[in-house]
Amino acid sequence: MNEENVKIAKIKKSCHTGKIVSNVLCIFFVIGFVAAVIGGIMILAEGKEFDERIQLTEDMGYIDSADRIGSARLFNINIGIVPENIESDIPAIQEALNDHPRSVMWGSYMLIMGLAFAVVAVLSKIVSSIFALIEKENTPFNDKVKKKVTIAMIFTTVILFLTTGTPFGVLFILLTWVVRSILEYGKTLQIESDETL
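For the sequence shown, the residue numbers in the working numbering are 2 to 198.
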């Protein structure tokens, strides 16, 4: 077995491992999505009963409105404190906010977390498909791989812009440009190498 075949075998092995890890992460994020959506819907459906239970657990000292449940701290988000200035033009939503604000806030938070899990699950599946494509094609330096990597990185850039803000989004735009340039250069070298054989 010559040196090039050994390198290709290593690339295939790495890509196979990356594909498996990406698929496992995708399954984890899908489970997170399902759990968050079901939890959010259940909290919203409970309404006033949920608010009463939360108040009871606060009175007993199990949770407080300083982002703690027991000894665990939650993401620095004041999920226990409901801002009184939240209003809605939709009468049903406003009535729910007036009647059971914690249920609305916590249920909405869970649904938003479900959306985040769904987005990351899709991104994990895209990454898995990139690994599978590289494993099949024997090289990352072709147009199919470059296109999929670019799509994944643009998708991630949009997510970063929406979640972390402009600095990380701009940084990822530059990173996308660098990776795309590397793949294009590698493709050129691959073509030259194939022509010399």
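Think of the CB as a built atom: it goes at the ideal place given N, C-alpha and C, for glycine as much as any other residue.
Quick check on residue i: does DSSP put it in helix, strand or coil?
{"i": "N143", "result": "coil"}
{"i": "N3", "result": "coil"}
{"i": "H101", "result": "coil"}
Buried or exposed for residue i, going by 16 or more other Cβ atoms inside 10 Å?
{"i": "D52", "result": "buried"}
{"i": "V179", "result": "exposed"}
{"i": "L98", "result": "buried"}
{"i": "M111", "result": "buried"}
{"i": "I44", "result": "buried"}
{"i": "L57", "result": "exposed"}
What residue does the alpha helix (DSSP H) around residue i start on, and which one ends it?
{"i": "G48", "result": "First-last for G48: undefined, no H or E at that position."}
{"i": "T177", "result": "T167 to T197"}
{"i": "G62", "result": "Here G62 belongs to no alpha helix (DSSP H), and DSSP marks it neither H nor E."}
Please work out which residues of its chain come closer than 7 Å, Cβ to Cβ, to residue i, disregarding the five sequence neighbours upstream and downstream, and give them in chain order.
{"i": "I9", "result": "N139"}
{"i": "T157", "result": "L124 and F173"}
{"i": "F162", "result": "G170"}
{"i": "R249", "result": "Outside the displayed span of the chain (2 to 198) sits residue 249, for which this structure offers no information."}
{"i": "F34", "result": "G115, F118, A119 and A122"}
Are the beta-carbon atoms of residue i and residue j separated by less than 7 Å?
{"i": "G48", "j": "H101", "result": "yes"}
{"i": "A37", "j": "G115", "result": "yes"}
{"i": "V128", "j": "S23", "result": "yes"}
{"i": "V146", "j": "I135", "result": "yes"}
{"i": "I131", "j": "V150", "result": "yes"}
{"i": "I55", "j": "R103", "result": "yes"}
{"i": "F118", "j": "Q191", "result": "no"}
{"i": "K20", "j": "A153", "result": "no"}
{"i": "K126", "j": "C27", "result": "yes"}
Flag residue i as yes if its beta-carbon sits less than 7 Å from any beta-carbon of chain B, otherwise no.
{"i": "V120", "result": "Of the chains in the structure shown, none is chain B; there is only one protein chain."}
Just to confirm my understanding: we take residue i, look at its own chain, exclude 5 residues before and 5 after, and list those with CB closer than 8 Å. What are they?
{"i": "L176", "result": "M154"}
{"i": "H17", "result": "F132 and E136"}
Is residue i near the ligand GTP, with its Cβ less than 6 Å from a heavy atom?
{"i": "E136", "result": "In the structure on display, the ligand GTP does not appear, and there are no ligands present to speak of."}
Can you list, in chain order, the residues of its chain with a C-beta nearer than 6 Å to that of residue i? Leave out the 5 residues immediately preceding and following it.
{"i": "P84", "result": "In this prediction, P84 scores a pLDDT of 49, lower than 50, which makes its location untrustworthy; no coordinate-derived value is stated."}
{"i": "G187", "result": "F142"}
{"i": "P168", "result": "none"}
{"i": "V31", "result": "A122"}
{"i": "K13", "result": "E136"}
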